[in-house]
Amino acid sequence: MTDAFRHPSDETLQRYASGGLRPGLALVVRVHLGGCPSCRAALRRFDAVGGALLDELPPARISPVLLEKIFARIDSGEAPQEARPAPVFTADGFALPAAMAGCRIGPWRFVHPKLRWARVEVPGAEADRVILLKIAAGFAAPAHSHRGLELTQVLAGGFTDGRAQYEPGDLIEADESLADHEPRVTGDEDCLCLAAVEKPLRIHSLLGRLFQPLMGI
Ligand SMILES: [Zn+2]
């Protein structure tokens, strides 16, 4: 059963629902939700539970800070159920999901002839570590392990990391519990991914050591 690897964990969805994910990580989850009915349904269940808990609180118990957060989420239009799957703009020939509208995409940079990346600036959270990663068919990304949470959404092409075969629409969640892994692009098509990390990568291979300072993530 590899389907569990293709979606955010319940813990991550709950953090998303409560506004507890950094904006960069939340962007990747939002892109996934745009194309994943089962995660949207799970999120509605979490929202229902959260709403029931709020209903049980007497009004005086809701702090002004919490109210401010709730209004900020409403104002930002980031209600997860509003996510839509239709792509609205393209960068370098690829259609990007609607949830990325408003993000500034930096220039493509080469790390290797088969590996390019571009920084994604999330409005209001420009320092978050978010990138588009374009990996040519047949190339394997450097082996790395993780500090903190890493979310990768497949936008085009496909790859494997030894656990499962991933396709467009899949979200791969990794944290400290995932040992060194080396994603490898499968098929003939280039692979485009949107990735966000909570903390800098820990990279062990030679290319990884070259890759990390260049990427600055
Ligand atoms: Zn999902």
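Position 95, counted from 1, in the sequence shown is what my numbering calls 102; the numbers after and before it change by one each time, with no gaps.
All residues carry an ideal CB built from backbone N, CA and C; glycine is no exception.
Spanning the alpha carbons of Phe146 and Cys198 requires a straight line of approximately 10 Å.
Counting of Cβ neighbours within 10 angstroms places Ala48 among the exposed residues, the total staying below 16. With contacts defined by Cβ atoms closer than 8 Å, Ile112 and Val192 do not form a contacting pair. Bridge partners of Val129 according to DSSP: Ala132.
Of all alpha-carbon atoms in Cys46, Arg29 and Tyr23, the one lying nearest the alpha-carbon of Arg13 is that of Cys46. In this structure, Ala202 and Leu140 form a Cβ contact; the two beta carbons are roughly 6 Å apart against a cut-off of 8 Å. Annotation for Ala203: the continuous beta strand (DSSP E) segment containing it runs Cys198 to Val204. With contacts defined as CB atoms closer than 8 Å, Leu162 and Pro15 fail to qualify as a contacting pair. Counting only residues of its own chain and dropping the five nearest sequence neighbours on each side, Gly176 has a CB closer than 6 Å to the CB of Gly42. If you ignore the 5 residues before and after Glu157, its C-beta comes within less than 6 Å of the C-beta of Ala181 and Val204, all in its own chain and listed in chain order.
Closest in alpha carbon position to Arg170, among Gly164, Pro190 and Ala33, is Pro190.
Set against 7 Å, the gap from the CB of Leu32 to the closest heavy atom of ligand 1 is not smaller. Bounds of any alpha helix (DSSP H) do not take in Arg29, whose DSSP letter is neither H nor E. Taking the Cα of Gln172 as reference, the smallest distance to any Cα among Gly194, Gly155 and Arg154 is reached at Gly194.
Leu20 carries a helical assignment under DSSP once its states are collapsed to helix, strand and coil.
Arg116: member of the beta strand (DSSP E) spanning Arg116 to His119, first to last residue.
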